[in-house]
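Inspection log for the structure reproduced underneath, given as structure tokens.
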Amino acid sequence: MTETFKYVLTRVCLRSGQLTLPYAMLGLFPKTGTVVVIDAENNREYELSFPSQRNVIGLADYFREKELQVNDILLFQHDAGGRFGISVVPRPQKSVFKETDAIKSILSNFYQAGVSSSEAEIRATYPQIPDGFDLREALTMDRRLAFTDGRWQPVERVRAEEAVMDEVSAESPKPLLGLGVIDEAPSYPKGLSGDTGDSGFGAEENDSELMAHNRAHFLFSEFGYSVEGITQRQLLVKTDLGRRKYQVFVYLLPPNERIDWSTLLSCRRDSGATYLCVVGDERDLERLHSPAELARASLWPWVGLERVQEFSTFVSLNPLDLEPFFERDGLLGRGIGRLEKSVRKRVGEMRAVDVILARLADMRAPSVFLLEDIVDVELPRDQLLTLLEYLAKAPFNLVSRVDNGEFCLHAPVPEALSQLSTYLLSVRDRFLGVEGETFVMGRNYDEAGA
């Protein structure tokens, strides 16, 4: 039976030509003498020696011939006959960028998408564009695209946006009455103000709009916003983050109803809001992509808002996290996808901490270990080092660096986490009042803990 072991190369390995074996590989080679390993690619032999139980030398020539780099993975194989083999896990090959055909395809896709993007955003969307390629020149040469306000977009989109702006400018400004008051109905056209013209509201329709108003008020408040009612269909959502403030004019779209975009833009301008947002059923918002993009409004379906509320049970989401979705994309299609990706990344970082703590929990403490002892092929080495350095600082103080690639585990992980929990709870109690609810300012730190 053939045994296979993986070894991730470090800068120290490549500079010195020496390997430091993790605990899992200690039984692979004999403690003394020499061993011949055979290159699986060309059958060339390399003689290895062992100055100590964990150190292996003799592969410096192999590293140079294969042009190995940091984080490349070696595979050692030991068969039943006692022979040793060595090979390298191939690195993923980057695709070759063929300028003529590839850039034409990319620009056509960008044009058909009909979006407005900066050069940096285009590169992020199409990562196959190499860094040295002159993208600006290619965009300039394409007559289907225009550069306005620092962004590239289809020529037709620019013309349509100019037409909408001309129409809005021609409208006389309409005062935004009843700011912060729901009971006074301003004289907005049908589809914006919450009245239905000559027919009036039925009790059921009034209840429906009031429920939507309260629902939006609750959801935005949950994310830390201050919410003011303008009418039953209009809200002003505010946030004050110290050095950063912004306001959102929110319009609640009733089912199967059209929007007077000119009036809506005028209302947003009069309210002084930074952003314009339309909230409604997903099927009603799907047909509004083009006019909303021209009006620089974001579309937030109810299901998207509730999805964000679900995300907030896993990670903390605040107005700073949500502002990019008021700027563009909203929570429809690509927007909710961007938010999910961001949440998955943050959850993944927490799981990475769990993985390292689980590895450390398997060790006795105190003890000195090598980075290779807890390395995970699926977890990048740089991220592993960053997390260990994080665990070395207060309030964890769980590990400390002894030498290059060598760390000390100070205490068993369960015991350390229990002490950390006790410490954090005591800190919390120092800042709570007698009844455990009031935040007490100016108390002496020692008195607070008494």
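Counting in the working numbering, the sequence shown runs from 573 upward without gaps. Think of the CB as a built atom: it goes at the ideal place given N, C-alpha and C, for glycine as much as any other residue. These numbers were taken from a predicted model, which means no experiment stands behind them.
Ends of the beta strand (DSSP E) at residue i?
i: G852; result: Y847 to G852
i: V609; result: T606 to D611
i: G801; result: S798 to T803
i: G654; result: Unbroken run through G654: none, as it is neither H nor E.
i: P896; result: It is not in any beta strand (DSSP E) - P896 instead sits in the alpha helix (DSSP H) that spans P891 to E899.
i: I629; result: N627 to I629
i: R592; result: Reading off the sequence shown, one finds Thr at residue 592, where the question assumed Arg. Looking at the DSSP string, the run of the beta strand (DSSP E) that includes T592 is Q590 to T592.
i: L942; result: S939 to L942
Taking the beta carbon of residue i as the centre, do at least 16 other beta carbons fall within 10 Å, making it buried, or is it exposed?
i: V820; result: buried
i: L813; result: exposed
i: A869; result: buried
i: P702; result: exposed
i: F790; result: exposed
i: R840; result: buried
i: G844; result: exposed
i: G919; result: The residue asked about is misnamed: residue 919 is Val in this sequence, not Gly. So V919 counts as exposed.
i: Q625; result: exposed
i: F1003; result: exposed
i: T576; result: exposed
i: T958; result: exposed
i: S862; result: exposed
i: E637; result: exposed
i: A685; result: exposed
i: P745; result: Residue placement at P745 is flagged as unreliable, the pLDDT there being 44, under the threshold of 50; the coordinate-derived value follows with that caveat. By the 10 Å Cβ count, P745 comes out exposed.
i: S990; result: exposed
i: V822; result: buried
i: T574; result: exposed
i: T885; result: exposed
For residue i, report the span of its alpha helix (DSSP H) as first-last.
i: A864; result: H861 to L866
i: V880; result: W874 to F883
i: D954; result: R953 to L963
i: I928; result: R906 to A933
i: L996; result: V985 to R1002
i: T835; result: W833 to S843
i: L711; result: L707 to M713
i: E637; result: A632 to K638
List the residues that DSSP assigns as beta-bridge partners of residue i.
i: R828; result: The identity of residue 828 in the sequence shown is Asn, whereas the question assumes Arg. Answer is none; N828 lacks a bridge partner.
i: V580; result: I645
i: A1050; result: Only positions 573 to 1022 of the chain appear in this structure, which leaves residue 1050 out of reach.
i: D812; result: K817
i: A718; result: Q725
i: V822; result: L807 and C849
i: S972; result: C980
i: N786; result: Beta-bridge pairing links N786 to no other residue.
i: Q684; result: In the DSSP output, where bridge partners are listed per residue, Q684 has none listed.
i: Y618; result: V609
i: V660; result: L646
i: S689; result: W724
i: E575; result: H650
Is there a Cβ from chain B that is less than 9 Å from the Cβ of residue i?
i: R868; result: No chain B is present in this structure, which holds just one protein chain.
Considering only their Cβ atoms, is the gap separating residue j from residue i smaller than 9 Å?
i: E691; j: R708; result: yes
i: Y595; j: V609; result: no
i: V927; j: L889; result: no
i: V809; j: I831; result: no
i: F968; j: F941; result: no
i: A612; j: I645; result: no
i: F795; j: V730; result: no
i: L911; j: F883; result: yes
i: A632; j: G589; result: yes
i: L620; j: F601; result: yes
i: W874; j: R787; result: yes
i: V947; j: L970; result: no
i: E944; j: L593; result: yes
i: E829; j: Q804; result: no
i: A1023; j: R973; result: Nothing in the structure corresponds to residue 1023, since the chain is present only between 573 and 1022.
i: A864; j: G909; result: no
i: L836; j: A784; result: no
i: V642; j: L591; result: no
i: F705; j: I675; result: yes
i: V981; j: A937; result: Rather than Val, the amino acid found at residue 981 in this sequence is Leu. Yes.
i: V887; j: V925; result: no
Report the CB separation of residue i from residue j in whole angstroms; it is logged as a contact under 8 Å.
i: V687; j: Q725; result: 7 Å
i: G977; j: V584; result: 6 Å
i: Y683; j: L717; result: 6 Å
i: Y797; j: Y818; result: Wrong, their Cβ atoms sit about 10 Å apart, outside the cutoff.
i: S1024; j: R723; result: An answer regarding residue 1024 cannot be provided, because it is not within the stretch 573 to 1022 covered by the chain.
i: L640; j: V660; result: 7 Å
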